[in-house]
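First comes the structure, then the notes that go with it.
2 protein chains.
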Amino acid sequence: MVAVTRDAAWAPRSDARMSGARHKMRYSRAMPAAGGEPPIPKVLWGTVSVVARAFDDALATVGGSRAMWFIFLSLKARPVANQRELAAEVGIQGATLTHHLTAMEQAGLINRRRDPANRRVHLVELTPAGEATFLKLREVALAFDRKLREGIPDDDIRHLRQTLARLQANATDDPAAPTP
Amino acid sequence: MVAVTRDAAWAPRSDARMSGARHKMRYSRAMPAAGGEPPIPKVLWGTVSVVARAFDDALATVGGSRAMWFIFLSLKARPVANQRELAAEVGIQGATLTHHLTAMEQAGLINRRRDPANRRVHLVELTPAGEATFLKLREVALAFDRKLREGIPDDDIRHLRQTLARLQANATDDPAAPTP
DNA sequence: ATCTAATCGTTAGATATCAAATCTTATGGT
DNA sequence: ACCATAAGATTTGATATCTAACGATTAGAT
Chain F
12 MVAVTRDAAW APRSDARMSG ARHKMRYSRA MPAAGGEPPI PKVLWGTVSV VARAFDDALA
72 TVGGSRAMWF IFLSLKARPV ANQRELAAEV GIQGATLTHH LTAMEQAGLI NRRRDPANRR
132 VHLVELTPAG EATFLKLREV ALAFDRKLRE GIPDDDIRHL RQTLARLQAN ATDDPAAPTP
Chain E
12 MVAVTRDAAW APRSDARMSG ARHKMRYSRA MPAAGGEPPI PKVLWGTVSV VARAFDDALA
72 TVGGSRAMWF IFLSLKARPV ANQRELAAEV GIQGATLTHH LTAMEQAGLI NRRRDPANRR
132 VHLVELTPAG EATFLKLREV ALAFDRKLRE GIPDDDIRHL RQTLARLQAN ATDDPAAPTP
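Protein sequence lines, in the order shown, are assigned to chains F and E.
So the first sequence is numbered by this note's numbering: it starts at 12 and just counts up by one.
So the second sequence is numbered by this note's numbering: it starts at 12 and just counts up by one.
Right under this line is the structure:
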């Protein structure tokens with residue numbers, strides 16, 4: 012018989028996500044190398060699930076979404092040659108970008124037109140409504156960023172960026188041919 | 012006219028994901044507060060997309076997946092009272108867990124049976140085939156962990172865990188009622 | 001000049017996830 | 001004893017994402 016403490020009814024935002032560990036997990040039982048800590052992929056995934064969800068919720072309050080915000084951000088940060096490049100910048104596949112752009116176009120936030128110089132490429136540009144939406148989303152994103160970094164020194168953020176970059180590089184490097 | 016360098020045909024694993032930034036992005040143009048660096052949510056999302064994909068690919072080579080591995084991991088790390096608790100541990104919703112467990116049951120990796128003491132509860136237990144699969148997945152997961160941490164001092168990993176935990180807490184804390 | 005191959009984008013089909021509705025079983029109030 | 005409510009799990013319907021196949025356009029070879 013296992014005693015289980017349930018989510019209290021009075022708890023604000025009784026969101027069970029990621030809050031289930033009432034007993035201390037001992038991952039060393041399953042993963043001898045981990046020293047009792049959850050493995051890195053699990054920690055990363057857990058944090059990102061929670062952060063991304065909160066970010067999405069915040070953007071949704073002004074009618075946006077994470078993908079929409081990343082698209083706006085890439086479009087405004089520098090001119091993009093084509094959708095393929097935009098997709099890479101945003102971190103999604105071209106097919107996925109198509110869906111988002113179609114939705115944004117139907118919502119009147121962007122225009123797509125063929126480049127006269129190379130009619131294969133579709134040029135993406137913001138409409139006035141798109142500019143207005145961008146500003147609203149930016150406000151929410153900036154507020155979220157402030158909240159996210161609260162109590163974390165800038166040095167730690169820098170360190171975080173470095174370590175994440177290293178993890179990303181380590182994950183993708185091919186062990187077959189590291190030396191040419 | 013924008014000059015665009017295309018993916019070279021000779022590049023190994025010409026996966027465009029997250030590799031599109033040939034020009035240095037200046038996010039300060041769009042996000043004045045960021046100091047030219049991409050905002051934290053974007054960095055997090057980018058790193059996790061890449062790492063999770065690589066991890067999934069690795070697990071797929073022995074017939075597994077990220078979700079399956081997390082489920083095994085939680086089941087082996089300590090006994091779990093019920094599926095709701097297991098879902099929280101894994102970091103997914105109960106409905107999603109049901110799908111995975113159904114698939115794993117059909118694959119002969121686990122059994123689900125009603126708890127005689129409380130017939131609402133479905134107890135999950137590994138079959139011998141499940142134990143064997145767990146060992147194979149663990150091997151892959153340990154190798155991936157080693158690869159992921161290559162060149163990163165343990166102190167940095169500890170630091171990473173701490174910062175991620177803080178980000179997670181900051182993301183979810185309710186600004187409405189921080190003080191009771 | 002024409003034909004083949006490459007590039008850009010979209011469409012189609014599949015999977016993973018979530019929220020909401022539903023089903024089954026247990027608990028508590030009367 | 002009976003019924004309403006709660007808890008655990010599943011099912012349903014929606015969304016975001018991916019890969020693979022396709023359509024349109026251009027570039028290159030002959």
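All C-beta atoms in this analysis are idealised placements derived from N, C-alpha and C, irrespective of residue type, glycine included.
(message) Is PHE170/F close to chain E? Criterion is C-beta to C-beta, closer than 9 Å.
(response) The sequence as given places His at residue 170/F; Phe does not occur at that position. Taking Cβ atoms only, chain E reaches closer than 9 Å to HIS170/F, which makes this a yes.
(request) Buried or exposed for ARG130/E, please, with buried defined as at least 16 other CB atoms from any protein chain shown within 10 angstroms of its CB. (result) ARG130/E comes out exposed.
(request) Leaving out five residues on either side along the sequence, give the residues of the same chain with a beta carbon under 8 Å from the beta carbon of ALA98/E. (result) Once the five neighbours on either side are set aside, the close Cβ partners of ALA98/E are GLN104, GLY105, THR107 and LEU108.
(request) Give the secondary structure of GLU161/E by DSSP, where H, G and I count as helix, E and B as strand, and everything else as coil. (result) GLU161/E falls in the coil class under three-state DSSP.
(message) Pop quiz: ASP167/E and THR183/F are said to be a contact at Cβ under 8 Å. What is the actual Cβ separation, rounded to whole angstroms?
(response) About 19 Å separates the two Cβ atoms, so there is no contact after all.
(request) Using a Cβ-Cβ cut-off of 9 Å, state whether LYS147/E counts as contacting chain F. (result) It does not: the Cβ of LYS147/E has no partner Cβ on chain F nearer than 9 Å.
(request) Quickly, what does DSSP pair ASN192/E with across the bridge? List them, please. (result) Residue coverage of chain E in this structure runs from 12 to 191, which leaves residue 192/E outside it and unanswerable.
(message) In whole angstroms, give me the CA-to-CA distance for VAL132/F and LEU153/E.
(response) The alpha-carbon separation between VAL132/F and LEU153/E amounts to approximately 44 Å.
(message) Against LEU134/F, what residues of chain E qualify as contacts under a CB-to-CB distance less than 9 Å, listed in chain order?
(response) The premise fails here: LEU134/F is roughly 10 Å from chain E at the closest Cβ pair, so nothing lies under 9 Å.
(message) Any beta carbon from chain E within less than 9 Å of MET115/F's own beta carbon?
(response) MET115/F does not count as touching chain E.
(request) Would you mind telling me which residues of chain F sit closer than 7 Å to ALA88/E, beta carbon to beta carbon, in chain order? (result) Those within 7 Å of ALA88/E in chain F are MET36, ARG37, TYR38, ARG40 and ALA41.
(request) Express the C-alpha separation of MET115/E and VAL73/E in angstroms, rounding to a whole number. (result) Rounded to whole angstroms, VAL73/E to MET115/E spans 14 Å at the Cα level.
(message) So ASP166/E contacts chain F; which residues on that side make the cut at Cβ distance below 9 Å?
(response) Residues of chain F passing the Cβ test: none, with the nearest at roughly 10 Å.
(message) Out of GLU150/E, HIS111/E, SER60/E and ARG37/E, which one is the CA nearest neighbour of LEU70/E?
(response) If we check each option's Cα against that of LEU70/E, GLU150/E comes out closest.
(request) Go ahead and label THR113/E buried or exposed: buried means 16 or more other beta carbons lie within 10 angstroms of its beta carbon, across all protein chains shown. (result) In the assembly as shown, THR113/E is an exposed residue. Its beta-carbon has fewer than 16 other beta-carbons within 10 Å.
(request) Report all residues from its chain with a CB closer than 8 Å to the CB of LEU148/F; omit the five preceding and five following residues, and keep chain order. (result) Its chain contains LEU70, VAL73, GLY75, MET79, TRP80 and PHE83 as the residues whose beta carbon lies nearer than 8 Å to that of LEU148/F, once the 5 sequence neighbours on both sides are disregarded; these appear in chain order.
(request) Would you mind giving the Cβ-Cβ distance between ILE122/E and THR138/E, rounded to the nearest angstrom? I have them listed as a contact below 8 Å. (result) The sequence as given places Asn at residue 122/E; Ile does not occur at that position. Right, their Cβ atoms sit about 6 Å apart.
(request) State buried or exposed for GLY46/E, treating a residue as buried only when at least 16 other CB atoms are found within 10 Å of its CB. (result) Answer is exposed; the Cβ neighbour count stays below 16.
(request) Please state whether DSSP places ILE103/E in a helix, a strand or coil. (result) Coil at ILE103/E, not helix or strand.
(message) Which same chain residues end up closer than 7 Å to LYS87/F when comparing Cβ atoms and leaving out the 5 residues on each side of it in sequence?
(response) Answer for LYS87/F: PHE145, listed in chain order.
(message) Quick check on ARG157/E: buried or exposed, where buried means 16 or more other Cβ atoms within 10 Å of its Cβ?
(response) Of the other Cβ atoms in all chains shown, fewer than 16 fall within 10 Å of the Cβ of ARG157/E; this residue is therefore exposed.
(message) According to DSSP, simplified to helix, strand and coil, what is LEU137/F?
(response) Shown here, LEU137/F sits in a strand according to DSSP, grouped into three states.
(message) Under DSSP, the alpha helix (DSSP H) around VAL73/F begins and ends at which residues?
(response) Looking at the DSSP string, VAL73/F is not in any alpha helix (DSSP H), and its letter there is neither H nor E.
(message) Can you pull out the residues from the segment 61-76 of chain F whose beta carbon lies closer than 9 Å to at least one beta carbon of chain E?
(response) Of all residues in the segment 61-76 of chain F, only VAL61, VAL62, ALA63, ARG64, ALA65 and PHE66 place a beta-carbon less than 9 Å from a beta-carbon of chain E.
(request) Name, in chain order, the residues that DSSP records as bridge partners for ILE121/E. (result) According to DSSP, which records beta bridges pairwise, ILE121/E is partnered with LEU137/E.
(message) With a threshold of 9 Å between beta-carbons, can GLU161/E be considered close to chain F, or not?
(response) Taking Cβ atoms only, chain F reaches closer than 9 Å to GLU161/E, which makes this a yes.
(request) Counting only the same chain and skipping the five closest in sequence on each side, list residues whose C-beta sits under 7 Å from that of GLU100/E. (result) Hits under 7 Å: SER85 and VAL91.
(request) May I have the straight-line CA-CA distance separating ALA180/E from ALA128/F, to the nearest angstrom? (result) When rounded, the distance between both Cα atoms is 50 Å.
(request) Determine, using beta carbons only, whether GLU142/E comes closer than 9 Å to chain F. (result) For GLU142/E, no Cβ of chain F is located within less than 9 Å of the residue's own Cβ.
(request) Examine chain E for any beta-carbon lying closer than 9 Å to the beta-carbon of ALA106/F, and answer yes or no. (result) Chain E contact via Cβ: absent.
(request) Tell me whether PRO49/F is buried or exposed, calling it buried when 16 or more other Cβ atoms sit within 10 Å of its Cβ. (result) PRO49/F comes out buried.
(message) Distance cutoff 9 Å, beta carbons only. Does THR174/F sit that close to anything in chain E?
(response) Yes, THR174/F lies at the interface with chain E (some Cβ there is under 9 Å from its Cβ).
(request) From the DSSP output, in three-state form, read off ASN181/E for me. (result) In this structure, ASN181/E counts as helix in the three-state DSSP scheme.
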